Amino acid sequence: MRSPALRHVLTHLITPLLMCLGMGLAYMGAFVTPEPHHLPVAVVNSAPKAKVFAQTVKDTAGDRLDVRTVATRADAVGLLRSREVTGAYVPSTRAPELLVASAASDMGATAVEKVFTPVAAAEGLPLTVTDVAEPVADDPTGQGLFFLLIAVSIGSYASVAALGAAGAGLAMRVRALLAVGVAAVVSGIGAVLAGPVFHLAHHDLAGVWGMAWLYSAGILVVGVGLHTFLKRWTTLTMMVLFVMLNFTSSGGLFRPELQNGFFGTLHAFWNGAGFVEGVRSLLYFDGDGLARHVWTLAVWLLAGAVLTAAAALYERTGRPHRAAARPQPEPEREARPAATEEAEEELEEAVAV
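Following this line, the structure appears as structure tokens:
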């Protein structure tokens, strides 16, 4: 291509076009056709007749449901509150009841209601739905935590461009400390949004802030470390890691049982899922399973710290050799604008995203 300016523009168009493709594949693949896959449900009653009924439901649903029987209604409530099942059906000749926990997943509760409403209707009985763990009135669908995840994520990965490009002249330890500080600010904003502004968290706001800090700091230190190696491709990589794969597998809209196997598998260890499920545990389920989700976020932060340490070593040992081997630019006034322009372009790409 003869025109350097045109080649420069076309090169920079690669990133948004890849983002377009990636976002389409990720979001449409994860959200367009939610279908139950081994959705765990329970039938209450240990009598042989109930077990036959449960097997009939399982045979009818196939791989859509995983059906178990439990002895008592209290056992079913315990399974719902520990999020081991999505719904529990209590058979009755007068008033069958479906137990759900919509705070765990509003979409999951809707899915099991669609499964068991026809079952009760086949016997000519109305189905009573009882919600044993409702979200707060300020967040009736329980999806506010997903949008909180988005806000904290954007503040985190967009800050990576500023720390990586504008802060490239700073020592890595300074950039790492700035990342920790930015995480505190971003998580503070998230806590204010979750508490005083939108009232998603009616208690344990300090815990929500702590989880948001772990989550944000993990993204920031991963990004700061990656920038040393990827430069202007860091923004695209961060979008893949913390938007395309992260939002879609977080469980904020659909639980993994309503998604295909790929996103359901990511839900088990991705940091967005750790944040959303951890905050749910804290706010709605008396901390059940909280430790596991905190560990998920801590492992991501530790991985970022290792990556940042590797980047620091690379900069300390590799840059002097490369600088010595590289031909020195003629006048300094020509080299500096080029570097400045590259940093500004990277920042503009990140902000636009």
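For what it's worth, our numbering labels the leading residue of the sequence shown as 369, then goes sequentially.
Glycine included, every Cβ here is placed at the ideal spot set by N, Cα and C.
Bear in mind the structure is a predicted one, so any value in this text is a computation, not a measurement.
Could you tell me the boundaries of the alpha helix (DSSP H) in which residue i lies?
i	result
residue 538	Residue 538 -> no alpha helix (DSSP H), and no H or E assigned at all.
residue 585	573-598
residue 623	It is not in any alpha helix (DSSP H) - residue 623 carries neither H nor E in the DSSP assignment.
residue 606	602-607
Give the single residue among the options whose Cα lies nearest to the Cα of residue i.
i	options	result
residue 665	605, 433, 616, 580	580
residue 442	500, 372, 489, 484	500
residue 514	684, 642, 682, 656	642
residue 475	673, 626, 678, 637	626
residue 410	439, 527, 389, 660	439
residue 421	484, 477, 667, 392	484
residue 672	582, 436, 644	582
Measure the alpha-carbon distance for residue i versus residue j and round it to whole angstroms.
i	j	result
residue 495	residue 464	5 Å
residue 370	residue 379	14 Å
residue 428	residue 418	15 Å
residue 618	residue 467	24 Å
residue 557	residue 520	8 Å
residue 492	residue 482	16 Å
residue 601	residue 450	41 Å
residue 597	residue 681	12 Å
residue 700	residue 377	Since pLDDT at residue 700 reaches only 48, below the 50 mark, its modelled position is unreliable, and no value is offered.
residue 415	residue 460	13 Å
residue 399	residue 684	44 Å
residue 534	residue 595	11 Å
residue 663	residue 669	10 Å
residue 654	residue 571	11 Å
Three-state secondary structure (DSSP) at residue i?
i	result
residue 499	strand
residue 398	helix
residue 408	strand
residue 700	Residue placement at residue 700 is poorly supported in this model, since its pLDDT is 48, which falls under 50; the coordinates still yield a value, given next. DSSP places residue 700 in helix when its eight states are reduced to three.
residue 437	strand
residue 719	Note on residue 719: pLDDT 48, under 50, position unreliable in the model; the coordinate value appears next. Residue 719 falls in the helix class under three-state DSSP.
residue 420	helix
residue 452	coil
residue 504	coil
residue 491	coil
residue 403	coil
residue 385	helix
residue 371	coil
Between which two residues does the beta strand (DSSP E) carrying residue i extend?
i	result
residue 467	465-468
Does the segment 530-545 come within contact of the segment 495-511, defined as at least 3 CB pairs closer than 8 Å?
Too few Cβ pairs lie closer than 8 Å, so no.
Could you tell me whether the segment 459-473 touches the segment 638-652, where touching means 3 or more Cβ pairs closer than 8 Å?
Using a C-beta cut-off of 8 Å, the segment 459-473 makes contact with the segment 638-652, since at least three inter-stretch Cβ pairs fall below that distance.
Flag this pair as touching only if the segment 631-641 and the segment 546-554 have three or more C-beta atom pairs under 8 Å; answer yes or no.
Under the Cβ criterion (8 Å, minimum of three pairs), the segment 631-641 does not count as touching the segment 546-554.
With a cut-off of 8 Å, do at least 3 Cβ pairs link the segment 447-461 to the segment 594-612?
Judged by pairs of C-beta atoms under 8 Å, the segment 447-461 does not touch the segment 594-612, as fewer than three such pairs exist.
Looking at C-beta atoms only, is the number of pairs between the segment 584-592 and the segment 523-534 that lie closer than 8 Å three or more?
Touching, yes.
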